[in-house]
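Remarks on the structure that follows.
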Amino acid sequence: MTTESAPPRATTRLSIFPLPGALLFPGMHLPLHMFEPRYRAMISDAMARDRRIGMIQPRGGPHDDADALYDIGCVGKIAEVEALDDGRYNVVLEGVALFRIVRELDVTTAFRQVEAELLPLIEDDSLSLGRRSSLELESRRFADMQGYAVDWDAVGRLDDESLVNGIAQIAPFDAAAKQALLEAPDIEQRAELIIQLMQFFGRHDGDESVTLQ
């Protein structure tokens, strides 16, 4: 008896924007202000090709994107772009799919490029009623503790995926915790991790960030 292995996933070339603490999920939107010359060049290049860039976090400090990268990021398609008179850009990325880096490419561009495989989307990803209730309850407690003003009626109308990924994308956790959220295998487990991080944050009120060990 022989076992057939899964066929290798197709790979794609991606220009990447390493940015700690900034996550993008499929179906979500992320506004960015591009002011460094290398990333202005990246946006110009993307607009001339397929409008895609890869958002990914560096493993190092917040000001050094030359460090090693995490393995998994998200492909963003430029949904909106505003070119400013001084060459800067305001863009809004729409998340398309998660990707895993296969290798970094040796390029002459000022911005980094990788060969990456796109990860399949999970169909019909949803929360159990108990998990949804726990997440909304913990989110209310967390928002009250932080002094956030939230339209809870609007939150209640969100579908499960938009709720979970929206919280994960904007939550004030550190880069390692945010990466763990990005790499969670489904939204049920991502929601559980969000709840744990919010509870941890609540026990460490006054700290500037949450570190996931």
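Under the numbering used here, think of the first position of the sequence shown as 1, with each following residue one higher. We put the beta carbon where it would ideally sit given N, CA and C, even for glycine. What you are looking at is a predicted structure, and each value in this text was computed from that prediction instead of being measured.
- With a 10 Å radius around the Cβ and a threshold of 16 neighbouring Cβ atoms, S15 comes out buried.
- Taken in chain order, the complete alpha helix (DSSP H) segments of 4 or more residues contained in the region 168-205 are 175-183, 187-203.
- By the Cβ rule, the region 33-43 does not count as touching the region 66-76, because fewer than three pairs are nearer than 8 Å.
- Taking the CA atoms as reference points, D125 sits about 16 Å from V96.
- Around the C-beta of R157, fewer than 16 other C-beta atoms lie within 10 Å, and the residue is accordingly described as exposed.
- Straight-line spacing of the CA atoms in E117 and R13 works out to 9 Å.
- Nearest to I195 by C-alpha distance, out of A176, L30, V164, is V164.
- In the structure shown, the three-state DSSP call for Q146 is helix.
- Distance from the CA atom of A83 to the CA atom of M28, rounded to whole angstroms, is 22 Å.
- The beta carbons of I53 and L127 sit no closer together than 8 Å.
- Around the beta carbon of P20, 16 or more other beta carbons lie within 10 angstroms, which makes this residue buried.
- For the 8 Å CB-CB criterion, V91 and V81 form a contact.
- Take the alpha-carbon of Y89 and the one of L135: they are about 36 Å apart.
- Within a 10 Å sphere around the beta-carbon of M42 sit 16 or more other beta-carbons, which makes this residue buried.
- Going by DSSP, M42 is part of no beta strand (DSSP E) but of the alpha helix (DSSP H) stretching over 37-48.
- Under the three-state reduction of DSSP output, V107 falls in the coil class, being neither helix nor strand.
- Under the three-state reduction of DSSP output, L121 falls in the coil class, being neither helix nor strand.
- Boundaries around G156 are those of the alpha helix (DSSP H), 152-156, since no beta strand (DSSP E) includes it.
- Note that the C-beta distance between L23 and A176 is not below 8 Å.
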